[in-house]
Structure formats: C-alpha cells, structure tokens
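A.B. asks: My questions will all concern the structure given below.
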Amino acid sequence: MRGVARPVASRVCHIVFGRVRRNGDGIPRERIEKGFIHRAGVVWIGQSVLVLPPRDAEELSGKLRALGVRVVHESVGISVPSLKACKRLR
Numbered sequence: 005m006r007g008v009a010r011p012v013a014s015r016v017c018h019i020v021f022g023r024v025r026r027n028g029d030g031i032p033r034e035r036i037e038k039g040f041i042h043r044a045g046v047v048w049i050g051q052s053v054l055v056l057p058p059r060d061a062e063e064l065s066g067k068l069r070a071l072g073v074r075v076v077h078e079s080v081g082i083s084v085p086s087l088k089a090c091k092r093l094r
C-alpha cells in the first residue's frame with residue numbers, strides 16, 4: 005500500500021470495524037466509535053466481504069465512495085442458517 009493510501013485505509017477500518025481507545029499497555033479501554041459490523045443484521049464474512057441490510061449497505065457504500073474507495077455492492081439471497089454459520093466461524 006502506498007503511503008498516500010494509508011490514511012484512507014485507516015479510516016475505512018474505523019468505519020467498518022469501529023475504534024477502541026487503548027491504555028498504555030495496549031489493553032482496550034473504551035470503544036470510541038462502533039463500526040458497521042456492530043450493527044444488527046450485519047455479518048462480516050471475511051476480508052472485504054460484508055452482508056448488510058439494504059439500508060446499511062447503501063450508507064456504507066456512500067461513506068466509502070466519498071473516501072474514493074472502489075465499492076462493489078450487490079443484492080444477494082442468503083438463508084438465515086447460512087448467515088448464522090458465517091457468524092460462528094468468526
């Protein structure tokens with residue numbers, strides 16, 4: 005990753021995964037910002053793949069595109085048991 009892309013990558017991680025303030029020992033102390041993965045109905049499949057409710061998907065896509073991130077956003081059909089299986093793997 006080029007140096008100019010690092011701030012964008014960091015912001016993307018904050019948006020998706022949230023931010024936690026740590027104490028001097030590196031131990032998590034408090035959550036500063038919740039990420040999209042903490043929202044109801046959102047499942048992180050892995051790497052750059054998330055399953056989100058349509059409204060959350062639109063919001064996340066907009067935030068990422070505003071940062072200049074290339075986003076692929078498609079509707080998919082997935083069963084509840086399949087989503088639960090993905091959650092258990094994490």
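Going by the numbering used here, the residue at position 66 of the sequence shown is 70; the numbering climbs one at a time, nothing skipped.
Backbone N, C-alpha and C define an ideal beta-carbon position, used for all residues, glycine too.
Because the structure is a prediction, the values reported are computed rather than measured.
Comparing C-alpha positions only, which one of Arg-74, Val-47, Val-16 and Leu-71 sits nearest to Pro-85?
C.D. replies: Measuring from the Cα of Pro-85, the nearest candidate turns out to be Val-47.
A.B. asks: Any contact between the segment 38 to 56 and the segment 20 to 29? By contact I mean 3 or more CB pairs, one from each, below 8 Å.
C.D. replies: These segments touch.
A.B. asks: I need the DSSP call for Pro-57, collapsed to helix, strand or coil.
C.D. replies: It is coil, neither helix nor strand.
A.B. asks: Taking Ala-9 as the reference, which of Arg-74, Val-80, Lys-91 and Lys-88 has the closest Cα?
C.D. replies: The shortest Cα separation from Ala-9 among Arg-74, Val-80, Lys-91 and Lys-88 belongs to Arg-74.
A.B. asks: DSSP has Glu-62 in a bridge; who is on the other side?
C.D. replies: Glu-62 is not bridged to any residue.
A.B. asks: Among all the DSSP beta bridges, which residues are the ones paired with Arg-25?
C.D. replies: Its beta-bridge partners are Glu-34.
A.B. asks: Could you tell me which of Arg-43, Pro-11, Gly-72 and Ile-31 sits nearest to Asp-60, measuring between CA atoms?
C.D. replies: For the residues Arg-43, Pro-11, Gly-72 and Ile-31, the minimum Cα distance to Asp-60 belongs to Arg-43.
A.B. asks: Can you give the Cα-Cα distance for Leu-54 and Arg-26, rounded to whole angstroms?
C.D. replies: Distance between the alpha carbons of Leu-54 and Arg-26 is about 26 Å.
A.B. asks: Please state the DSSP three-state secondary structure of Val-47.
C.D. replies: Strand, per DSSP.
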